[in-house]
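Enquirer: Once you've had a glance at the structure underneath, I'll fire off some questions.
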Amino acid sequence: MHVLLTEDNTLIASGIAAGLEAQGFSVAHAATAAQANSLLRTARFDLMILDLGLPDEDGLRFLHRLRQRGLKLPVLILTARDAVAERVSGLQAGADDYLVKPFDLRELAARLHALLRRAAGRTTHVIEHGPLTYDPAARAACMAGEPIDLSRREQALLQALLQNPSRVLSAEQLKDAVYGLSDDVESNALNVHIHHLRRKLGNGIVGTVRGLGYRLGPAGHASGPTRDDDS
Ligand code: CA
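Numbering (full-length UniProt numbering) for the sequence shown: 1 to 231.
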């Protein structure tokens, strides 16, 4: 899950980024509204954390502008003051949730997961795909009720596929989902993770669409570990 963190305080920003990355999020940091704006135009995010006190533009005005432009991204605002008026105007400006500083990183992560679930229109944590279930909050996969041990990269890959069940995802989109924006990725690394995921969940879990990319295999084909096969 890609989070755009817009926060001008470097210390707070690096603390949040480290905390969220440890929980499996990938975090891009913007220190100003202008930086956030240009990142929003060039990369895809699942949600944004927005500090209201930014150096170049008031966070609420920035958010209002983004919503007017049609930005649908779930936004959680960070406010320094526990003022009812500020929270209300935040929600009116188009925020989906807010946290008052200082806050616990675990609470932030839990709120972000809740926002993602709401954005995806799901009422439960768990994504089902035939006999396969995946819980994004716990990052736990089960096949026919049996837990399947997945690495962090494999979890991210599986989640990207499950959250886009009818789309063909390019290798670039999958790399982006698995590694985030900042990591340097060897060209073969994605293939290695796809290979492992197929070995653990069955060859059918990741379908190859020649020349275009990959897509989630049909639910019936995710039938559990199979022989080692690259097809
Ligand atoms: Ca600030």
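Cβ coordinates follow ideal geometry from the N, Cα and C atoms, glycine included.
The model shown is predicted, which means the values in this text are computed figures rather than measured ones.
1) Could you check which residue in Ala119, Ala171 and Pro74 has the C-alpha nearest to that of Thr208?
2) Please determine whether the Cβ atom of Gly53 lies at a distance below 6 Å from any heavy atom of ligand 1.
3) Where do the ends of the alpha helix (DSSP H) carrying Glu172 lie?
4) Looking at the strands, I want to know which residues DSSP matches up with Gly213.
5) How big is the Cα-Cα spacing for Tyr98 and Leu169?
6) Rounded C-beta distance between Tyr179 and Gln159? I'm assuming under 8 Å.
7) Whole angstroms are fine: how far does the CA of Val88 sit from the CA of Tyr214?
8) If you measure between the beta carbons of Val27 and Ala36, is that distance less than 7 Å?
9) Just checking my contact of Gln23 with Ala109 at CB under 8 Å: how many whole Å lie between their CB atoms?
10) Can you tell me whether Thr6 is helix, strand or coil according to DSSP?
11) Only counting runs of 4 or more residues, tell me where the alpha helix (DSSP H) segments fall wholly within the UniProt domain "Response regulatory" (2-116), in order along the chain.
12) Use the C-beta contact count for Val3: other C-beta atoms within 10 angstroms, 16 or more gives buried, fewer gives exposed.
13) Name the DSSP beta bridge partners of Glu128, please?
14) How should Phe45 be labelled, buried or exposed, when 16 other C-beta atoms within 10 angstroms of its C-beta is the threshold for buried?
15) Give the straight-line distance between the Cα atoms of Ala33 and Ala43, rounded to the nearest whole angstrom.
16) Report the three-state DSSP secondary structure of Glu146 (helix, strand or coil).
17) Who are the Cβ neighbours of His193 in its own chain at under 6 Å, not counting the five residues just before and after it?
Expert: Quick answer:
1) Ala171
2) yes
3) Ala171 to Tyr179
4) Val209
5) 32 Å
6) Not really, about 13 Å apart at Cβ, beyond 8 Å.
7) 43 Å
8) no
9) 5 Å
10) When DSSP states are grouped into helix, strand and coil, Thr6 belongs to the strand group.
11) 10-22, 33-42, 59-68 and 84-92
12) Val3 is buried by the Cβ-count criterion.
13) According to DSSP, residue pairing for Glu128 in a beta bridge involves Thr133.
14) buried
15) So the alpha carbons of these two residues sit roughly 15 Å apart.
16) strand
17) Setting aside the 5 residues that flank it on each side, His193 is surrounded in the same chain by Arg153, Glu154 and Leu157, each with a C-beta closer than 6 Å to its C-beta; the list follows chain order.
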